[in-house]
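Asks:
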Amino acid sequence: MKAEDLRLYAITDCAHYTGQALIDRTKALLEGGITMLQFRDKTRGREAARPDAEALLALCRAYRVPFVINDDVELAREIGADGVHLGQDDAALRLARMKLGPDKVIGISAHNLAEAQEAQAGGATYLGCGAVFPSQSKDAACLAPGVLKEITDTIDLPVVAIGGITGDNLDQLAGLGCDGAAVISALYGAGDPLAATKALRAQAEAIFGPYGAGKPQALIIPLDRVLCDTHAAWAALAETYLTGVGKAAGPDLAAILRQRTLAASAAYIKHNYSVPDGISQILYEFDYDLEDYYRRQARLQPGAQAFLDQCRTAGIPVIALSDASSDLAGLLADCTGCADALAGIISTADGHLDRTEPALYRQALADIEADPNQVWVVEDHIDGLRTAHRAGFTTLAIPAEGQDDHEWSRLQAEADQVVESLAALKDLVK
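Counting from 1, position 247 in the sequence shown corresponds to residue 250 in the working numbering; the numbering is continuous, with no gaps.
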(Lines of atoms letter the chains of each structure in order from A and count residues from 1; the text may use other names and numbers.)
(Lines give C-alpha, C1' and ligand atoms only; values in the text may rest on other atoms or scores of the structure.)
Protein backbone atom coordinates (compact mmCIF):
# COMPACT_ATOMS: atom_id res chain seq x y z
CA MET A 1 0.00 0.00 0.00
CA LYS A 2 1.17 3.50 -0.85
CA ALA A 3 0.27 6.63 1.09
CA GLU A 4 -1.59 7.97 -1.93
CA ASP A 5 -3.90 4.92 -1.80
CA LEU A 6 -5.60 6.78 1.04
CA ARG A 7 -6.65 9.74 -1.16
CA LEU A 8 -10.31 8.72 -1.34
CA TYR A 9 -10.86 5.78 0.98
CA ALA A 10 -14.39 4.33 0.87
CA ILE A 11 -15.95 2.34 3.71
CA THR A 12 -18.94 0.14 2.89
CA ASP A 13 -22.37 1.01 4.23
CA CYS A 14 -23.56 -2.52 4.95
CA ALA A 15 -26.36 -1.22 7.17
CA HIS A 16 -28.15 -0.11 4.00
CA TYR A 17 -26.58 -2.16 1.19
CA THR A 18 -25.77 -5.87 0.99
CA GLY A 19 -25.65 -8.44 -1.77
CA GLN A 20 -26.01 -7.24 -5.34
CA ALA A 21 -27.03 -3.74 -4.27
CA LEU A 22 -23.73 -3.39 -2.40
CA ILE A 23 -21.75 -4.79 -5.32
CA ASP A 24 -23.42 -2.49 -7.86
CA ARG A 25 -22.96 0.63 -5.74
CA THR A 26 -19.35 -0.21 -4.96
CA LYS A 27 -18.62 -0.77 -8.64
CA ALA A 28 -19.89 2.77 -9.29
CA LEU A 29 -17.51 4.07 -6.61
CA LEU A 30 -14.61 2.19 -8.19
CA GLU A 31 -15.53 3.59 -11.60
CA GLY A 32 -15.64 7.05 -10.05
CA GLY A 33 -12.15 6.79 -8.58
CA ILE A 34 -12.02 5.59 -4.98
CA THR A 35 -8.44 4.63 -4.18
CA MET A 36 -9.04 2.12 -1.35
CA LEU A 37 -11.99 0.14 0.05
CA GLN A 38 -12.75 -1.10 3.55
CA PHE A 39 -15.42 -3.76 4.01
CA ARG A 40 -17.21 -2.87 7.26
CA ASP A 41 -20.19 -4.98 8.35
CA LYS A 42 -21.17 -4.61 12.00
CA THR A 43 -24.47 -6.55 11.79
CA ARG A 44 -23.84 -9.89 10.09
CA GLY A 45 -21.59 -12.71 11.18
CA ARG A 46 -18.53 -13.87 9.27
CA GLU A 47 -20.16 -16.55 7.17
CA ALA A 48 -23.11 -14.35 6.20
CA ALA A 49 -20.78 -11.52 5.21
CA ARG A 50 -18.21 -13.68 3.40
CA PRO A 51 -19.92 -13.74 -0.06
CA ASP A 52 -20.04 -9.94 -0.16
CA ALA A 53 -16.43 -9.68 1.02
CA GLU A 54 -15.24 -12.12 -1.64
CA ALA A 55 -17.18 -10.34 -4.39
CA LEU A 56 -15.81 -6.95 -3.34
CA LEU A 57 -12.27 -8.33 -3.22
CA ALA A 58 -12.64 -9.54 -6.81
CA LEU A 59 -13.93 -6.11 -7.84
CA CYS A 60 -11.04 -4.33 -6.16
CA ARG A 61 -8.55 -6.66 -7.84
CA ALA A 62 -10.07 -5.77 -11.21
CA TYR A 63 -9.72 -2.04 -10.47
CA ARG A 64 -6.31 -2.44 -8.76
CA VAL A 65 -7.56 -0.88 -5.52
CA PRO A 66 -6.42 -2.13 -2.09
CA PHE A 67 -9.13 -3.97 -0.13
CA VAL A 68 -9.13 -4.33 3.66
CA ILE A 69 -11.62 -5.78 6.10
CA ASN A 70 -12.73 -4.08 9.28
CA ASP A 71 -12.02 -6.00 12.49
CA ASP A 72 -12.12 -9.58 11.16
CA VAL A 73 -8.53 -10.80 10.86
CA GLU A 74 -9.58 -14.38 10.17
CA LEU A 75 -11.87 -13.43 7.29
CA ALA A 76 -9.14 -11.25 5.79
CA ARG A 77 -6.68 -14.13 6.02
CA GLU A 78 -9.08 -16.73 4.64
CA ILE A 79 -10.12 -14.81 1.52
CA GLY A 80 -6.72 -13.24 0.81
CA ALA A 81 -7.66 -9.60 1.40
CA ASP A 82 -4.91 -6.99 1.33
CA GLY A 83 -5.25 -6.52 5.07
CA VAL A 84 -7.44 -5.29 7.91
CA HIS A 85 -8.44 -2.14 9.71
CA LEU A 86 -8.58 -2.45 13.49
CA GLY A 87 -10.01 -0.14 16.13
CA GLN A 88 -8.55 0.42 19.55
CA ASP A 89 -10.83 -2.26 21.01
CA ASP A 90 -10.34 -4.84 18.26
CA ALA A 91 -7.83 -7.68 18.02
CA ALA A 92 -4.34 -6.79 19.12
CA LEU A 93 -2.13 -5.32 16.40
CA ARG A 94 0.77 -7.67 17.08
CA LEU A 95 -1.50 -10.72 16.95
CA ALA A 96 -2.96 -9.54 13.65
CA ARG A 97 0.54 -9.02 12.25
CA MET A 98 1.53 -12.52 13.37
CA LYS A 99 -1.50 -14.07 11.66
CA LEU A 100 -1.37 -12.03 8.45
CA GLY A 101 2.40 -11.81 7.93
CA PRO A 102 4.77 -8.88 7.41
CA ASP A 103 3.44 -7.69 4.06
CA LYS A 104 -0.28 -7.27 4.73
CA VAL A 105 -1.86 -3.89 5.37
CA ILE A 106 -2.94 -3.20 8.95
CA GLY A 107 -4.68 0.09 9.57
CA ILE A 108 -5.29 1.27 13.12
CA SER A 109 -7.80 3.80 14.42
CA ALA A 110 -6.13 6.53 16.49
CA HIS A 111 -7.88 9.30 18.41
CA ASN A 112 -4.86 10.99 19.95
CA LEU A 113 -1.08 11.15 19.70
CA ALA A 114 -0.46 8.41 22.30
CA GLU A 115 -2.59 5.91 20.36
CA ALA A 116 -0.88 6.90 17.12
CA GLN A 117 2.57 6.38 18.63
CA GLU A 118 1.55 3.00 20.02
CA ALA A 119 0.23 1.91 16.62
CA GLN A 120 3.44 2.96 14.88
CA ALA A 121 5.56 1.10 17.44
CA GLY A 122 3.40 -1.99 16.95
CA GLY A 123 3.93 -2.15 13.20
CA ALA A 124 0.79 -0.54 11.78
CA THR A 125 0.74 0.30 8.06
CA TYR A 126 -1.40 3.42 8.30
CA LEU A 127 -3.61 5.33 10.76
CA GLY A 128 -7.28 6.22 10.55
CA CYS A 129 -7.70 9.38 12.63
CA GLY A 130 -11.01 10.82 13.73
CA ALA A 131 -13.74 11.42 14.01
CA VAL A 132 -12.85 14.74 12.41
CA PHE A 133 -16.53 15.79 12.07
CA PRO A 134 -19.75 14.48 13.65
CA SER A 135 -21.26 11.53 11.79
CA GLN A 136 -23.88 8.81 12.08
CA SER A 137 -21.27 6.03 12.25
CA LYS A 138 -18.80 7.83 14.53
CA ASP A 139 -20.50 9.31 17.55
CA ALA A 140 -17.29 9.91 19.49
CA ALA A 141 -16.06 13.42 20.17
CA CYS A 142 -14.46 15.11 17.19
CA LEU A 143 -10.69 15.09 16.83
CA ALA A 144 -9.54 18.70 17.03
CA PRO A 145 -7.57 19.95 14.00
CA GLY A 146 -4.61 20.76 16.21
CA VAL A 147 -4.45 17.17 17.50
CA LEU A 148 -4.67 15.79 13.97
CA LYS A 149 -1.83 18.07 12.88
CA GLU A 150 0.23 16.99 15.90
CA ILE A 151 -0.23 13.36 14.86
CA THR A 152 0.75 13.92 11.24
CA ASP A 153 3.76 16.02 12.28
CA THR A 154 4.98 13.40 14.75
CA ILE A 155 4.15 10.04 13.17
CA ASP A 156 5.86 8.65 10.09
CA LEU A 157 2.87 6.53 8.99
CA PRO A 158 0.35 7.59 6.32
CA VAL A 159 -2.81 9.07 7.86
CA VAL A 160 -6.37 9.06 6.56
CA ALA A 161 -8.93 11.34 8.21
CA ILE A 162 -12.30 9.77 9.00
CA GLY A 163 -15.69 10.78 10.34
CA GLY A 164 -18.47 12.88 8.86
CA ILE A 165 -16.48 13.95 5.80
CA THR A 166 -18.48 15.38 2.89
CA GLY A 167 -17.82 17.63 -0.05
CA ASP A 168 -18.92 20.57 2.09
CA ASN A 169 -16.28 20.14 4.81
CA LEU A 170 -13.45 18.30 3.05
CA ASP A 171 -11.59 21.56 2.42
CA GLN A 172 -11.19 22.02 6.19
CA LEU A 173 -8.61 19.19 6.16
CA ALA A 174 -6.23 21.19 3.97
CA GLY A 175 -2.87 21.79 5.58
CA LEU A 176 -3.33 19.22 8.38
CA GLY A 177 -0.87 16.74 6.88
CA CYS A 178 -3.33 13.96 6.03
CA ASP A 179 -2.88 11.73 3.00
CA GLY A 180 -6.58 11.34 2.29
CA ALA A 181 -10.16 11.11 3.53
CA ALA A 182 -12.27 8.08 4.46
CA VAL A 183 -15.91 8.42 3.47
CA ILE A 184 -19.09 6.38 3.97
CA SER A 185 -22.37 8.29 3.63
CA ALA A 186 -21.18 10.93 1.16
CA LEU A 187 -20.46 8.09 -1.29
CA TYR A 188 -22.81 5.22 -0.47
CA GLY A 189 -25.69 7.54 0.38
CA ALA A 190 -25.36 9.68 -2.76
CA GLY A 191 -28.20 9.74 -5.26
CA ASP A 192 -25.65 9.40 -8.07
CA PRO A 193 -22.69 7.52 -6.54
CA LEU A 194 -20.59 7.69 -9.71
CA ALA A 195 -20.87 11.48 -10.01
CA ALA A 196 -20.39 11.95 -6.25
CA THR A 197 -17.21 9.87 -6.31
CA LYS A 198 -15.75 11.74 -9.25
CA ALA A 199 -16.41 15.05 -7.54
CA LEU A 200 -14.92 13.94 -4.22
CA ARG A 201 -11.89 12.40 -5.95
CA ALA A 202 -11.15 15.68 -7.72
CA GLN A 203 -11.61 17.60 -4.46
CA ALA A 204 -9.40 15.16 -2.53
CA GLU A 205 -6.61 15.45 -5.11
CA ALA A 206 -6.78 19.23 -4.95
CA ILE A 207 -6.33 19.09 -1.16
CA PHE A 208 -3.98 16.14 -0.61
CA GLY A 209 -2.19 16.03 -3.97
CA PRO A 210 -2.81 14.19 -7.23
CA TYR A 211 -2.79 10.41 -7.19
CA GLY A 212 0.26 9.05 -9.00
CA ALA A 213 1.62 12.53 -9.62
CA GLY A 214 5.23 13.45 -10.10
CA LYS A 215 8.35 11.53 -10.95
CA PRO A 216 9.70 8.57 -8.99
CA GLN A 217 12.58 9.03 -6.59
CA ALA A 218 14.09 5.79 -7.90
CA LEU A 219 13.38 2.94 -10.31
CA ILE A 220 13.94 -0.80 -9.95
CA ILE A 221 13.96 -2.63 -13.28
CA PRO A 222 15.06 -6.07 -14.54
CA LEU A 223 18.46 -6.12 -16.20
CA ASP A 224 17.90 -9.28 -18.21
CA ARG A 225 15.16 -9.31 -20.88
CA VAL A 226 13.95 -5.76 -20.09
CA LEU A 227 17.09 -3.58 -20.24
CA CYS A 228 19.24 -6.15 -22.07
CA ASP A 229 18.37 -8.46 -24.96
CA THR A 230 19.19 -11.75 -23.23
CA HIS A 231 16.00 -13.80 -23.50
CA ALA A 232 17.49 -16.23 -26.01
CA ALA A 233 20.39 -17.06 -23.69
CA TRP A 234 18.19 -17.62 -20.65
CA ALA A 235 15.62 -19.65 -22.58
CA ALA A 236 18.35 -21.96 -23.93
CA LEU A 237 20.16 -22.62 -20.63
CA ALA A 238 18.28 -25.74 -19.58
CA GLU A 239 18.00 -27.27 -23.05
CA THR A 240 21.71 -26.71 -23.73
CA TYR A 241 22.64 -28.38 -20.46
CA LEU A 242 20.28 -31.33 -21.00
CA THR A 243 21.56 -31.88 -24.53
CA GLY A 244 25.09 -32.01 -23.13
CA VAL A 245 24.16 -34.86 -20.77
CA GLY A 246 22.14 -36.75 -23.34
CA LYS A 247 18.66 -35.71 -22.25
CA ALA A 248 15.80 -34.16 -24.24
CA ALA A 249 14.07 -31.09 -22.81
CA GLY A 250 10.31 -31.13 -22.52
CA PRO A 251 8.41 -28.80 -24.88
CA ASP A 252 7.25 -26.52 -22.07
CA LEU A 253 10.47 -26.47 -20.04
CA ALA A 254 11.48 -22.92 -20.96
CA ALA A 255 8.05 -21.60 -19.92
CA ILE A 256 8.19 -23.49 -16.62
CA LEU A 257 11.66 -22.21 -15.75
CA ARG A 258 10.88 -18.60 -16.70
CA GLN A 259 9.16 -18.19 -13.33
CA ARG A 260 12.13 -19.64 -11.37
CA THR A 261 15.51 -18.43 -10.20
CA LEU A 262 18.65 -20.14 -11.52
CA ALA A 263 18.97 -22.21 -8.34
CA ALA A 264 15.32 -23.28 -8.52
CA SER A 265 15.74 -24.11 -12.22
CA ALA A 266 18.76 -26.28 -11.48
CA ALA A 267 16.82 -28.06 -8.74
CA TYR A 268 13.88 -28.63 -11.09
CA ILE A 269 16.13 -30.20 -13.72
CA LYS A 270 17.90 -32.35 -11.14
CA HIS A 271 14.68 -33.75 -9.74
CA ASN A 272 12.70 -34.10 -12.99
CA TYR A 273 15.29 -35.26 -15.53
CA SER A 274 17.50 -37.68 -13.54
CA VAL A 275 20.72 -35.98 -14.63
CA PRO A 276 24.09 -37.19 -13.32
CA ASP A 277 25.29 -33.81 -11.99
CA GLY A 278 24.47 -32.17 -8.69
CA ILE A 279 22.74 -28.83 -8.47
CA SER A 280 26.01 -26.97 -7.95
CA GLN A 281 27.43 -28.40 -11.19
CA ILE A 282 24.27 -27.52 -13.11
CA LEU A 283 24.52 -23.96 -11.81
CA TYR A 284 28.18 -23.83 -12.86
CA GLU A 285 27.15 -24.84 -16.39
CA PHE A 286 24.42 -22.19 -16.43
CA ASP A 287 26.86 -19.50 -15.30
CA TYR A 288 29.42 -20.56 -17.91
CA ASP A 289 26.87 -20.26 -20.73
CA LEU A 290 25.59 -16.92 -19.49
CA GLU A 291 29.09 -15.48 -19.16
CA ASP A 292 29.93 -16.59 -22.69
CA TYR A 293 26.77 -15.00 -24.07
CA TYR A 294 27.20 -11.79 -22.11
CA ARG A 295 30.75 -11.33 -23.37
CA ARG A 296 30.04 -12.13 -27.02
CA GLN A 297 26.44 -11.26 -27.91
CA ALA A 298 24.54 -9.31 -25.25
CA ARG A 299 23.11 -5.96 -26.32
CA LEU A 300 20.85 -3.35 -24.79
CA GLN A 301 17.21 -3.51 -25.76
CA PRO A 302 15.96 -0.85 -28.20
CA GLY A 303 15.23 2.30 -26.26
CA ALA A 304 17.21 1.24 -23.17
CA GLN A 305 20.03 3.73 -23.59
CA ALA A 306 17.63 6.63 -24.19
CA PHE A 307 15.62 5.60 -21.13
CA LEU A 308 18.74 5.42 -18.93
CA ASP A 309 19.97 8.76 -20.27
CA GLN A 310 16.63 10.36 -19.45
CA CYS A 311 16.73 8.98 -15.91
CA ARG A 312 20.21 10.39 -15.44
CA THR A 313 19.07 13.79 -16.74
CA ALA A 314 16.10 13.74 -14.37
CA GLY A 315 18.27 12.68 -11.41
CA ILE A 316 16.39 9.40 -10.93
CA PRO A 317 18.62 6.51 -9.82
CA VAL A 318 18.02 3.19 -11.58
CA ILE A 319 18.64 -0.08 -9.74
CA ALA A 320 18.88 -3.17 -11.92
CA LEU A 321 17.43 -6.49 -10.78
CA SER A 322 18.95 -9.77 -11.96
CA ASP A 323 18.47 -13.49 -11.36
CA ALA A 324 22.14 -14.01 -12.20
CA SER A 325 24.86 -13.54 -9.60
CA SER A 326 25.93 -9.95 -9.00
CA ASP A 327 29.28 -10.72 -10.67
CA LEU A 328 27.56 -11.94 -13.83
CA ALA A 329 25.05 -9.10 -13.75
CA GLY A 330 27.92 -6.64 -13.40
CA LEU A 331 29.63 -8.25 -16.38
CA LEU A 332 26.43 -7.87 -18.41
CA ALA A 333 26.15 -4.21 -17.48
CA ASP A 334 29.80 -3.63 -18.43
CA CYS A 335 29.53 -5.49 -21.73
CA THR A 336 26.37 -3.64 -22.78
CA GLY A 337 27.73 -0.25 -21.70
CA CYS A 338 25.07 0.57 -19.13
CA ALA A 339 27.08 0.06 -15.93
CA ASP A 340 27.73 3.77 -15.40
CA ALA A 341 24.03 4.54 -15.75
CA LEU A 342 23.02 2.19 -12.91
CA ALA A 343 22.91 3.18 -9.25
CA GLY A 344 23.23 -0.46 -8.24
CA ILE A 345 22.45 -4.09 -9.03
CA ILE A 346 20.59 -6.53 -6.80
CA SER A 347 20.68 -10.26 -7.37
CA THR A 348 18.29 -13.01 -6.34
CA ALA A 349 21.22 -15.43 -6.54
CA ASP A 350 23.40 -13.63 -4.00
CA GLY A 351 20.82 -13.21 -1.27
CA HIS A 352 19.06 -16.56 -1.79
CA LEU A 353 15.87 -14.58 -2.33
CA ASP A 354 13.35 -14.80 -5.13
CA ARG A 355 10.74 -12.46 -6.50
CA THR A 356 8.13 -13.61 -4.01
CA GLU A 357 10.03 -11.94 -1.15
CA PRO A 358 9.59 -8.19 -0.54
CA ALA A 359 13.04 -8.06 1.08
CA LEU A 360 14.51 -8.37 -2.40
CA TYR A 361 13.00 -5.06 -3.48
CA ARG A 362 13.62 -3.33 -0.17
CA GLN A 363 17.27 -4.35 -0.42
CA ALA A 364 17.54 -2.23 -3.54
CA LEU A 365 17.01 0.92 -1.50
CA ALA A 366 19.75 0.21 1.04
CA ASP A 367 22.31 2.45 -0.63
CA ILE A 368 20.12 5.30 -1.80
CA GLU A 369 17.84 7.75 -0.04
CA ALA A 370 14.33 7.23 -1.37
CA ASP A 371 10.85 7.04 0.09
CA PRO A 372 9.51 3.55 -0.79
CA ASN A 373 6.17 5.19 -1.61
CA GLN A 374 7.96 7.11 -4.39
CA VAL A 375 9.84 4.16 -5.90
CA TRP A 376 8.62 2.51 -9.09
CA VAL A 377 9.22 -1.17 -9.71
CA VAL A 378 9.08 -2.14 -13.38
CA GLU A 379 8.37 -5.85 -13.84
CA ASP A 380 7.90 -8.39 -16.61
CA HIS A 381 7.43 -11.15 -14.02
CA ILE A 382 4.04 -11.69 -12.36
CA ASP A 383 5.47 -12.91 -9.05
CA GLY A 384 7.79 -9.93 -8.85
CA LEU A 385 5.05 -7.46 -9.65
CA ARG A 386 2.74 -8.89 -6.99
CA THR A 387 5.47 -8.86 -4.37
CA ALA A 388 6.55 -5.30 -5.14
CA HIS A 389 2.94 -4.21 -4.93
CA ARG A 390 2.51 -5.87 -1.52
CA ALA A 391 5.69 -4.17 -0.34
CA GLY A 392 4.14 -0.77 -1.09
CA PHE A 393 5.95 0.17 -4.28
CA THR A 394 4.27 1.60 -7.36
CA THR A 395 4.27 -1.18 -9.95
CA LEU A 396 4.59 -0.88 -13.71
CA ALA A 397 4.07 -3.84 -16.04
CA ILE A 398 6.20 -4.07 -19.18
CA PRO A 399 6.14 -6.68 -21.95
CA ALA A 400 9.20 -8.84 -22.55
CA GLU A 401 10.15 -11.84 -24.62
CA GLY A 402 9.11 -15.13 -23.10
CA GLN A 403 5.81 -13.93 -21.67
CA ASP A 404 2.74 -15.77 -22.82
CA ASP A 405 -0.55 -13.97 -23.34
CA HIS A 406 -1.92 -15.18 -20.01
CA GLU A 407 0.97 -13.76 -18.00
CA TRP A 408 0.85 -10.46 -19.84
CA SER A 409 -2.88 -10.19 -19.18
CA ARG A 410 -2.31 -10.80 -15.47
CA LEU A 411 0.48 -8.23 -15.38
CA GLN A 412 -1.72 -5.62 -17.01
CA ALA A 413 -4.61 -6.37 -14.66
CA GLU A 414 -2.57 -6.14 -11.46
CA ALA A 415 -0.04 -3.36 -12.15
CA ASP A 416 -0.60 0.22 -11.06
CA GLN A 417 0.38 1.27 -14.57
CA VAL A 418 1.25 -0.40 -17.86
CA VAL A 419 4.03 0.69 -20.22
CA GLU A 420 4.29 -0.89 -23.64
CA SER A 421 8.00 -0.18 -24.14
CA LEU A 422 11.10 1.45 -22.70
CA ALA A 423 10.36 4.45 -24.89
CA ALA A 424 7.00 4.87 -23.12
CA LEU A 425 8.73 4.50 -19.76
CA LYS A 426 11.25 7.20 -20.76
CA ASP A 427 8.37 9.60 -21.43
CA LEU A 428 6.99 9.03 -17.92
CA VAL A 429 10.22 10.19 -16.25
CA LYS A 430 10.72 13.35 -18.32
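Note that beta-carbon positions come from the ideal geometry of N, C-alpha and C, so glycine has one too.
Are Q220 and V378 close, meaning C-beta to C-beta below 9 Å?
Replies: yes
Asks: Based on DSSP bridge pairs, tell me the residues matched to V108.
Replies: G86
Asks: Tell me the DSSP secondary structure of Q304 in three-state form.
Replies: coil
Asks: So, using beta-carbon positions, are P361 and T316 closer together than 9 Å?
Replies: no
Asks: In whole angstroms, give me the CA-to-CA distance for L334 and S350.
Replies: 13 Å
Asks: With distances taken from CA atoms, which of T397, L9, Y287 is nearest D374?
Replies: T397
Asks: Report the partner residues of M39 according to the DSSP bridge assignment.
Replies: Y12
Asks: I'd like the span of the alpha helix (DSSP H) that includes I285, first residue to last.
Replies: 282-299
Asks: Please return the same chain residues whose Cβ sits closer than 6 Å to the Cβ of N376, not counting the five positions on each side in sequence.
Replies: K5, A6
Asks: Among residues of its own chain, excluding the 5 on either side of Y20, which ones have a beta-carbon nearer than 6 Å to its beta-carbon?
Replies: Once the five neighbours on either side are set aside, the close Cβ partners of Y20 are R28.
Asks: What number of angstroms, rounded off, separates the C-alpha of A309 from the C-alpha of A426?
Replies: Taking the straight line joining both Cα atoms gives about 8 Å.
Asks: Using a Cβ-Cβ cutoff of less than 8 Å, which residues in the same chain neighbour I282 once the five nearest sequence positions on both sides are dropped?
Replies: A266, A269, A270, K273
Asks: Could you give the DSSP three-state label for Y20: helix, strand or coil?
Replies: DSSP, read as helix, strand or coil, puts Y20 in coil.
Asks: If you reduce the DSSP assignment to three classes, tell me which class Q420 lands in.
Replies: It is a strand residue.
Asks: My understanding is that L160 touches Q123, with C-beta atoms under 8 Å, so please give their C-beta distance in whole angstroms.
Replies: 5 Å
Asks: Could you tell me which residues DSSP pairs with I223 in its beta bridges?
Replies: I322, V380
Asks: Return the Cβ separation of A367 and G347 in integer angstroms, given the expectation that the two are a contact with Cβ distance under 8 Å.
Replies: 7 Å
Asks: Measure the beta-carbon distance from L78 to R53 and round it to whole angstroms, keeping in mind my assumption that it falls under 8 Å.
Replies: 7 Å
Asks: Would Y244 and D292 be called neighbours here (beta carbons separated by less than 9 Å)?
Replies: yes
Asks: Which residue wins for smallest C-alpha separation from G247, given the options I224, Y276, L260?
Replies: Y276
Asks: Keeping to the same chain, check which residues put their C-beta closer than 7 Å to that of I385; ignore five residues upstream and five downstream.
Replies: Only E410, R413, L414 meet the Cβ criterion.
Asks: So, are the CB atoms of A134 and G166 less than 9 Å apart?
Replies: yes
Asks: Do you know whose CA, among T169, P196, A239, lies nearest Q206's CA?
Replies: T169
Asks: Would E372 be called buried (16 or more neighbouring beta carbons within 10 Å of its own) or exposed?
Replies: exposed
Asks: The beta strand (DSSP E) that contains N275, what's its start and end?
Replies: It is not in any beta strand (DSSP E) - N275 instead sits in the alpha helix (DSSP H) that spans 265-276.
Asks: So, helix, strand or coil for Y214, using DSSP?
Replies: Of the three classes helix, strand and coil, the one that applies to Y214 here is coil, per DSSP.
Asks: What is the rounded straight-line gap between the Cα of R67 and the Cα of Y287?
Replies: 41 Å
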